[in-house]
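Engineer: Let me begin by handing over the structure; questions about it come next.
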Amino acid sequence: MKEYLTLAETADLVGKSKETLRRWDKEGILNAVREPVSNYRVYRKSDVQLLLGSMFDEVIEDEVSNYVKPNYEYSVLELFAGAGGLGIGLEKAGIKCVALNEIDKWACETLRTNRPNWNVLEGDIKDFDFSEYRNKVDVVTGGFPCQAFSYAGKKLGLNDARGTLFYEFARVVQEVNPAICIGENVRGLLSHEKGKTLQGMISILDEIGYRVVPVQVLKAIHYRVPQKRERLILVGIRKDIEVDFHYPKPHKRIYNLEDALKKGSLFDSDVPKSNGAKYPEYKKKVLDMIPPKGYWRDLPEDLQKEYMGGSFYLGGGKTGMARRIGWDEPSLTLTCSPAQKQTERCHPEETRPFTVREYARIQTFPDEWKFAGSLAQQYKQIGNAVPVNLGQEVGYAVVKFLNEYYNSKTVKSKNTYLLAK
Ligand SMILES: C[S@@+](CC[C@H](N)C(=O)[O-])C[C@H]1O[C@@H](n2cnc3c(N)ncnc32)[C@H](O)[C@@H]1O
Numbered sequence: 001m002k003e004y005l006t007l008a009e010t011a012d013l014v015g016k017s018k019e020t021l022r023r024w025d026k027e028g029i030l031n032a033v034r035e036p037v038s039n040y041r042v043y044r045k046s047d048v049q050l051l052l053g054s055m056f057d058e059v060i061e062d063e064v065s066n067y068v069k070p071n072y073e074y075s076v077l078e079l080f081a082g083a084g085g086l087g088i089g090l091e092k093a094g095i096k097c098v099a100l101n102e103i104d105k106w107a108c109e110t111l112r113t114n115r116p117n118w119n120v121l122e123g124d125i126k127d128f129d130f131s132e133y134r135n136k137v138d139v140v141t142g143g144f145p146c147q148a149f150s151y152a153g154k155k156l157g158l159n160d161a162r163g164t165l166f167y168e169f170a171r172v173v174q175e176v177n178p179a180i181c182i183g184e185n186v187r188g189l190l191s192h193e194k195g196k197t198l199q200g201m202i203s204i205l206d207e208i209g210y211r212v213v214p215v216q217v218l219k220a221i222h223y224r225v226p227q228k229r230e231r232l233i234l235v236g237i238r239k240d241i242e243v244d245f246h247y248p249k250p251h252k253r254i255y256n257l258e259d260a261l262k263k264g265s266l267f268d269s270d271v272p273k274s275n276g277a278k279y280p281e282y283k284k285k286v287l288d289m290i291p292p293k294g295y296w297r298d299l300p301e302d303l304q305k306e307y308m309g310g311s312f313y314l315g316g317g318k319t320g321m322a323r324r325i326g327w328d329e330p331s332l333t334l335t336c337s338p339a340q341k342q343t344e345r346c347h348p349e350e351t352r353p354f355t356v357r358e359y360a361r362i363q364t365f366p367d368e369w370k371f372a373g374s375l376a377q378q379y380k381q382i383g384n385a386v387p388v389n390l391g392q393e394v395g396y397a398v399v400k401f402l403n404e405y406y407n408s409k410t411v412k413s414k415n416t417y418l419l420a421k
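full-length UniProt numbering puts the first residue of the sequence shown at 1, with every later residue one more than the last.
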C-alpha cells in the first residue's frame, strides 16, 4: 500500500490548487515531507485523510443565505432542458418555466411525468421558432453542448456560428429578447480552443445586444450540493438595463455523502431504495480492496499495473480511478454512466455504483422526481443535470437582479408588463 501522495494527487483529493497546498505547507496546515526513496516532496496519506476528515466532518454554522423573494411573477424559457435539474432549481427560487425545449425523448418524458403543466417542446431546437415568447419571458437559460466554431475573420459574428448549438441559443435569445440570459457549461469551455470558443460566444452575445458579466465557474459544494461538480455560468444582460448581476454568495457549510444519503439537514429521510447498475466481476474484485476515500493506489502494486494498464505509466494522480467515496466527503462529480472505466465512484460500504436514487440525491433532485427510460437513460439524465440546489442559488441571483430591474426607473412597472403576457 502507498503511504505517500504526490502534490498533484493531494491537490485533487482536497480540491485545492497546488499553490494553496504550498501555502498550507508554509503555514503548517498540511506539511509536505520527503519521500524516503526518491527524496521528492510528498504528503503522508494519513495527514491528508486527517485533514479531509476535519474539513468535511466539521458542521460549520452556515449564516450565508441567497434567498430573496420575487417581487413579481418571473418566467423562464429553458433550452436544452434535460431532466430538469436547472428547471426545478429555478422553480424553487420562484421563477416559473413557461416552456422547455429538449431533443431527448426520455428526458422529455421525465419532464412531462413530473410536471404535467410544463410546456415541453420536444425536438431539435433548430426546428423551433420562439418568437411567440418575444418580450413575454424574463429569462432564457440553456446548457448548450460545447462545439468548436470555424473562424473566418478575427471577431466571431452570429452568422459565423451557424450550425452550432450555441448559435441556436443566441438565435433564441435574440428572438425572445429577455432581460437576462444564462448559459451553463463545463469548466472546459474556458480552455476550449485556447479560450477562443468562449471569447466567440461573448462577442456574439455582445453583437445581439447583451453585455456579458465576467464569467465564473461555480463549485457546487459551495451551494448546498454534496458533490465536487463545477459549472461555468455565462450571464448576459440586455444592454438597455443598467442593473448589475451578482453571483450567489458561496455557503460556508460543505455537505458530504452522509448528508446526501442519510436523514439530516439536506434530506428529511434516508435515501429510498431503487435500482442500480452493478460492476462487472473483475472490477468488483478490485474495488473490494479499496477502503473508503481510497483509490487505485491502495491496491497491491502488481494489481495497480494490471488494473490501470497503460495509464499506470502515464503519470498524474488519476485519483478518480477505482475510487471509493467516503461518508464524510462530498462525492466526486457523477458521470453519465456509473460503472464506466476510469471514473468509478464506489459506494462507501458496499462494492457497487450508486443506485439511481442515490445518484439523484447527490445531484440534490427531490426523491419524488421520477426519471423515465431504461436504467442507463436514467443515469444519463441525472449525470447531465445542473444540481438542483445550484440551480436554485443561481435562481435567487436572477430574482435579485429582476427585482432591482423592475424597481429601477428604466421600466414603468412590471404590472403593465404582466398585462402584456
Ligand atoms: C447538459 S444537458 C442539460 C441539462 C439540464 N440543464 C439539466 O439541468 O438537467 C444538455 C441537453 O441538451 C440536449 N440537446 C442536445 N442537442 C439538442 C438539440 N439539438 N436540441 C434540443 N436539445 C438538445 C441534450 O439531450 C441534453 O439533455
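Glycine residues also receive a C-beta, built at the ideal position from the N, C-alpha and C atoms. All values reported here derive from a predicted model rather than from experimental measurement.
1) Alpha carbon to alpha carbon, how far is residue 176 from residue 136? Give it in angstroms, no decimals.
2) Once the 5 residues before and after residue 21 are set aside, which same chain residues still bring their CB inside 7 Å of it?
3) Please determine whether the Cβ atom of residue 386 lies at a distance below 7 Å from any heavy atom of ligand 1.
4) Output the boundary residues of the beta strand (DSSP E) element that contains residue 210.
5) When burial is assigned at 16 or more other CB atoms within 10 Å of the CB, is residue 32 buried or exposed?
6) Would you kindly work out how many angstroms separate the C-alpha atoms of residue 333 and residue 221, rounded to a whole number?
7) Taking residue 66 and residue 403 to be in contact with their CB atoms under 8 Å, please state how far apart those CB atoms are, rounded to whole angstroms.
8) Enumerated in chain order, which unbroken segments of the alpha helix (DSSP H) with a length of 4 residues or greater are wholly contained in the region 69 to 128?
9) What are the complete alpha helix (DSSP H) segments, minimum 4 residues, inside the region 343 to 374?
10) Return yes when at least one heavy atom of ligand 1 lies under 7 Å from the C-beta of residue 270, else no.
11) Tell whether a beta-carbon distance below 8 Å holds between residue 327 and residue 256.
12) Return helix, strand or coil for residue 131, following the three-state DSSP convention.
13) Give the DSSP-derived three-state secondary structure of residue 5 in the structure shown.
14) Examine the Cβ distances between the region 364 to 382 and the region 283 to 300 and report whether three or more of them are shorter than 8 Å.
15) What is the DSSP secondary structure of residue 187, counted as helix, strand or coil?
16) If we require 3 or more residues per run, which beta strand (DSSP E) segments fall completely within the region 211 to 280?
17) Would you say the beta carbon of residue 18 comes nearer than 7 Å to a heavy atom of ligand 1?
18) Taking 7 Å as the cut-off, does the CB of residue 163 come closer than this to any heavy atom belonging to ligand 1?
19) CB-CB under 6 Å to residue 377, same chain, minus the five flanking residues each way: which ones, in chain order?
20) Do residue 168 and residue 196 come within 8 Å of each other at the CB atom, strictly closer than that value?
21) Is it buried or exposed, residue 50, if we count other Cβ atoms within 10 angstroms and call 16 or more buried?
22) Does the CB of residue 161 have a neighbour CB from chain D at under 8 Å?
23) Specify, as a first and last residue, the run of the alpha helix (DSSP H) that residue 197 falls within.
24) Assign residue 384 to buried or exposed, taking buried as 16 or more other Cβ atoms, counted over all protein chains shown, within 10 Å of its Cβ.
25) Hey, out of 97, 93, 316, whose CA is closest to residue 69's CA?
26) Output the residue ranges of the beta strand (DSSP E) runs that lie fully inside the region 131 to 166 and measure 3 residues or longer, sorted by chain position.
27) Skipping 5 residues on each side, what residues in its chain have a beta carbon closer than 7 Å to that of residue 209?
28) Would you call the region 196 to 205 and the region 156 to 163 in contact, with 3 or more CB pairs under 8 Å?
29) Are residue 386 and residue 86 closer than 8 Å when you measure CB to CB?
30) Are there 16 or more other CB atoms within 10 angstroms of the CB of residue 392, so buried, or fewer, so exposed?
31) Check whether the Cβ atoms of residue 227 and residue 331 lie closer than 8 Å to each other.
32) Give the straight-line distance between the Cα atoms of residue 3 and residue 274, rounded to the nearest whole angstrom.
33) Ignore the nearest five residues each way along the sequence and tell me which others in residue 123's own chain have a CB closer than 8 Å to its CB.
34) For residue 164, which residues in the same chain have their Cβ closer than 7 Å to its Cβ, ignoring the five residues on either side in sequence?
35) Are residue 396 and residue 248 closer than 8 Å when you measure CB to CB?
36) Going by Cα to Cα distance, which pick from 337, 308, 269, 264 is closest to residue 282?
Structural biologist: Checking against the coordinates, here is how it stands:
1) 8 Å
2) Excluding its 5 nearest sequence neighbours in each direction, residue 21 has C-beta neighbours in its own chain below 7 Å: 7, 10, 11, 30, listed in chain order.
3) yes
4) 210 to 212
5) Classification for residue 32: buried.
6) 10 Å
7) Not quite, the Cβ-Cβ distance comes to about 13 Å (not below 8 Å), so this is no contact.
8) 85 to 92, 105 to 114
9) Assignment of alpha helix (DSSP H) within the region 343 to 374, counting only whole runs of 4 or more residues, yields 356 to 362 in chain order.
10) no
11) Yes, the Cβ-Cβ distance between residue 327 and residue 256 is below 8 Å.
12) helix
13) strand
14) no
15) helix
16) 216 to 219, 230 to 238
17) no
18) no
19) 106
20) no
21) exposed
22) Here chain D cannot be found, since the structure has a single protein chain.
23) 196 to 207
24) So residue 384 ends up on the buried side.
25) 93
26) 139 to 142
27) 238, 239
28) yes
29) yes
30) Buried, because 16 or more other Cβ atoms sit within 10 Å of the Cβ of residue 392.
31) yes
32) 37 Å
33) 101, 103
34) These residues qualify, in order along the chain: 147, 149.
35) yes
36) The shortest Cα separation from residue 282 among 337, 308, 269, 264 belongs to 308.
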